[in-house]
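Undergrad: I am attaching a structure below and will ask some questions about it afterwards.
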Amino acid sequence: MKQALILILFLSGSAFVFALGFSASANALGGLSLLSDSVADANISPVSLATGLNSYYYRPFNTPGIAIYGINSAISRKFLHIALGNSYLYHKDYTRHNPYLNINVQYSGLCLGGTGHLLYDSIQDRDGEYEYCYDLGMAYRLDRYAAELKALRIGSEDKQYSFSLRHSLTQDVNAALAYVMQDEFADYLLAGIKTDISDHISLTASWQNKPSRFGSGLTVGLDRLSISYSIRTHPELNYSHAFGLELAW
Numbered sequence: 019m020k021q022a023l024i025l026i027l028f029l030s031g032s033a034f035v036f037a038l039g040f041s042a043s044a045n046a047l048g049g050l051s052l053l054s055d056s057v058a059d060a061n062i063s064p065v066s067l068a069t070g071l072n073s074y075y076y077r078p079f080n081t082p083g084i085a086i087y088g089i090n091s092a093i094s095r096k097f098l099h100i101a102l103g104n105s106y107l108y109h110k111d112y113t114r115h116n117p118y119l120n121i122n123v124q125y126s127g128l129c130l131g132g133t134g135h136l137l138y139d140s141i142q143d144r145d146g147e148y149e150y151c152y153d154l155g156m157a158y159r160l161d162r163y164a165a166e167l168k169a170l171r172i173g174s175e176d177k178q179y180s181f182s183l184r185h186s187l188t189q190d191v192n193a194a195l196a197y198v199m200q201d202e203f204a205d206y207l208l209a210g211i212k213t214d215i216s217d218h219i220s221l222t223a224s225w226q227n228k229p230s231r232f233g234s235g236l237t238v239g240l241d242r243l244s245i246s247y248s249i250r251t252h253p254e255l256n257y258s259h260a261f262g263l264e265l266a267w
């Protein structure tokens, strides 16, 4: 089933690094979740603390006929945080669902969490296949510093491990660095930055090596409602685009 997805996206070999997250934030930051405050990124971070409702549209490598849609929600009660959502990839010959449930607990800056994913793949009219995998994560946040250790999609071919560090350079500027390890593809470094231009506008940017890719995003917010757009490059393919709409609570 994984090979079918690669063929649909017209990708092959080590030049292909397929993101695990498809939100506007994940597209801009390359999955550097320590810089994200989007509810949608509970899908790629078991220790995300954002709450609210999010929906997004993602077009991988600007490929006609392929789109990924997502909806996500999260709530917090005292030390407990619960998030759930689903992403849906559509192509006339292939579909994929990724519903998930995330639970994490936090105490005095320390956060521990886990996420379960039930993946469903279907090619044309054939019977679909189910696959279960899970994520585990730990984060520690203290004043201007934060660290995150996470293992994603354990039990699947897409499993990924990463360690991230974040530092608040100023009140409005945050920077982060991550090292990402994968079984199927080369390990890589990922760096990102987030800047709040004003109370209503924020910019994000990231870079990774192996392969060299850049991402950037813009978020415009009014009170609790925000709209986001992001792009991400690829050395051999077209840009990937993502749009997001989020209501925070």
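Numbering (our numbering), first residue to last: 19 to 267.
By construction, the Cβ of each residue, glycine as well, lies at the ideal position given by its N, Cα and C atoms.
Compute the minimum distance between the beta carbon of residue 135 and the heavy atoms of the ligand PLP, and state whether it is under 6 Å.
TA: As for the ligand PLP, it is missing from this structure, which has no ligand bound.
Undergrad: For residue 26, which residues in the same chain have their Cβ closer than 6 Å to its Cβ, ignoring the five residues on either side in sequence?
TA: Because the pLDDT at residue 26 is just 49, under 50, the model does not fix this residue reliably, and the point stays unresolved.
Undergrad: Indicate whether residue 102 and residue 123 have their beta-carbon atoms separated by less than 7 Å.
TA: Result no, Cβ atoms of residue 102 and residue 123 do not sit closer than 7 Å.
Undergrad: In its own chain, which residues sit with a C-beta less than 6 Å from the C-beta of residue 156, not counting the 5 before and 5 after it?
TA: Excluding sequence neighbours, residue 156 sits near 130, 167.
Undergrad: For residue 188, is the classification buried or exposed, using 16 other Cβ atoms within 10 angstroms of its Cβ as the cut-off for buried?
TA: Counting Cβ neighbours within 10 Å, residue 188 comes out exposed, since fewer than 16 surround it.
Undergrad: Here's the rule I'm using: 16 or more other beta-carbon atoms within 10 Å means buried, otherwise exposed. How should residue 44 be labelled?
TA: Answer is buried; the Cβ neighbour count reaches 16.
Undergrad: Name the residue from 257, 236, 253 whose alpha carbon lies nearest to the alpha carbon of residue 42.
TA: The residue with the shortest Cα to Cα distance from residue 42 is 236.
Undergrad: Thinking residue 176 and residue 38 are a contact (beta carbons under 8 Å), I'd like their distance in whole angstroms, please.
TA: Right, the Cβ-Cβ distance comes to about 7 Å (below 8 Å), so this counts as a contact.
Undergrad: Taking the continuous beta strand (DSSP E) assigned at residue 193, which residues delimit it?
TA: Counting along the chain, the beta strand (DSSP E) containing residue 193 begins and ends at 191 to 200.
Undergrad: Can at least three beta-carbon pairs, one atom from the stretch 55 to 65 and one from the stretch 126 to 142, be found at a separation below 8 Å?
TA: Verdict: yes, contact present.
Undergrad: Which residue marks the beginning of the beta strand (DSSP E) containing residue 68, and which one marks its end?
TA: Segment: none, residue 68 is in no beta strand (DSSP E) and carries neither H nor E.
Undergrad: Using only CA atoms, which one of 121, 116, 106, 115 lies nearest to residue 96?
TA: If we check each option's Cα against that of residue 96, 121 comes out closest.
Undergrad: Going straight from the alpha carbon of residue 202 to that of residue 84, what length do you get?
TA: Distance between the alpha carbons of residue 202 and residue 84 is about 23 Å.
Undergrad: Do residue 256 and residue 80 come within 7 Å of each other at the CB atom, strictly closer than that value?
TA: Their beta carbons are under 7 Å apart, which means residue 80 touches residue 256 by this criterion.
Undergrad: Buried or exposed, going by whether 16 or more other CB atoms sit within 10 Å of the CB of residue 21?
TA: Its pLDDT being 38, under 50, residue 21 is placed unreliably in this model, and the value from its coordinates should be taken loosely. Exposed: under 16 other Cβ atoms inside 10 Å.
Undergrad: Around the Cβ of residue 231, are there at least 16 other Cβ atoms within 10 angstroms (buried) or fewer (exposed)?
TA: Under this definition residue 231 is a buried residue.
Undergrad: Using DSSP's beta-bridge definition, name the partner residues of residue 232.
TA: DSSP, once it has assigned bridges, lists 225 as partnering residue 232.
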